[in-house]
Amino acid sequence: MNDDTLFDIEKEMAVLVRYLTFVTNKRIGNLDRSAYLLLQQLSNQGPAGVKTISAVLLLDVSTVSRQAAALEQKGYVEKVPDEHDGRAYFYRITKTGSRELDLYKQITIERVANLLQEWSAEERRQFGELLKKFNQSIKNRD
């Protein structure tokens with residue numbers, strides 16, 4: 000990879016982060032981006048403890064604890080006891096949380112579709128694959 004390519008990637012990533020911050024700072028329904036990611040994780044992977052969620056989302060345990068407590072107060076998640084350790088518990092998404100998550104996803108997908116309406120199906124597919132690959136590179140970093 001030549002230096003110009005790396006320079007272009009770095010610059011476009013900085014611009015992307017700025018644009019995403021602008022777009023995602025707007026609430027969608029009753030969720031913000033951090034609540035969405037936590038609910039998405041619980042919806043996809045099932046009940047999980049704070050340590051597991053924090054590892055997956057690359058966040059501090061205290062941050063996840065605070066976010067989960069706020070979601071619990073809203074009725075979007077509930078605590079369920081760990082069958083193997085009576086002192087521990089997991090968070091599980093509720094029906095209300097699932098409805099909010101679905102609304103967030105629907106609105107977000109509509110926004111993305113609007114942004115990509117000029118793109119071909121192949122360009123959208125490639126972009127999705129490359130974003131996934133890039134995110135995996137970040138997740139698998141040392």
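Under numbering that gives the first Met the number 0, the letters of the sequence shown match residues 0 to 141, in that order. Positions of the beta carbon are idealized from the N, C-alpha and C atoms, including for glycine.
Between which two residues does the beta strand (DSSP E) containing residue 86 stretch?
84 to 92
What span of residues does the beta strand (DSSP E) with residue 77 cover, start to end?
76 to 81
At least 3 beta-carbon pairs within less than 8 Å: the segment 81 to 95 vs the segment 114 to 123
no
Across which residues does DSSP place residue 54 in a beta bridge pair?
Partner(s): none; residue 54 has no beta bridge.
Measuring only the C-alpha atoms, how far is residue 78 from residue 104?
Their Cα atoms are separated by approximately 24 Å.
Would the beta-carbon of residue 74 fall within 8 Å of that of residue 95?
Yes. Within cutoff.
Give me the residue from 130, 138, 97 and 112 with the minimum Cα distance to residue 8.
130
At what residues does the alpha helix (DSSP H) containing residue 42 begin and finish?
32 to 44
Would you grab the beta carbon distance between residue 34 and residue 40 for me? Rounded to a whole angstrom, and I think it's under 8 Å.
At roughly 11 Å, the Cβ-Cβ gap does not stay under 8 Å, so residue 34 and residue 40 are not in contact.
What's the C-alpha gap between residue 139 and residue 12?
C-alpha separation (whole angstroms): 18 Å.
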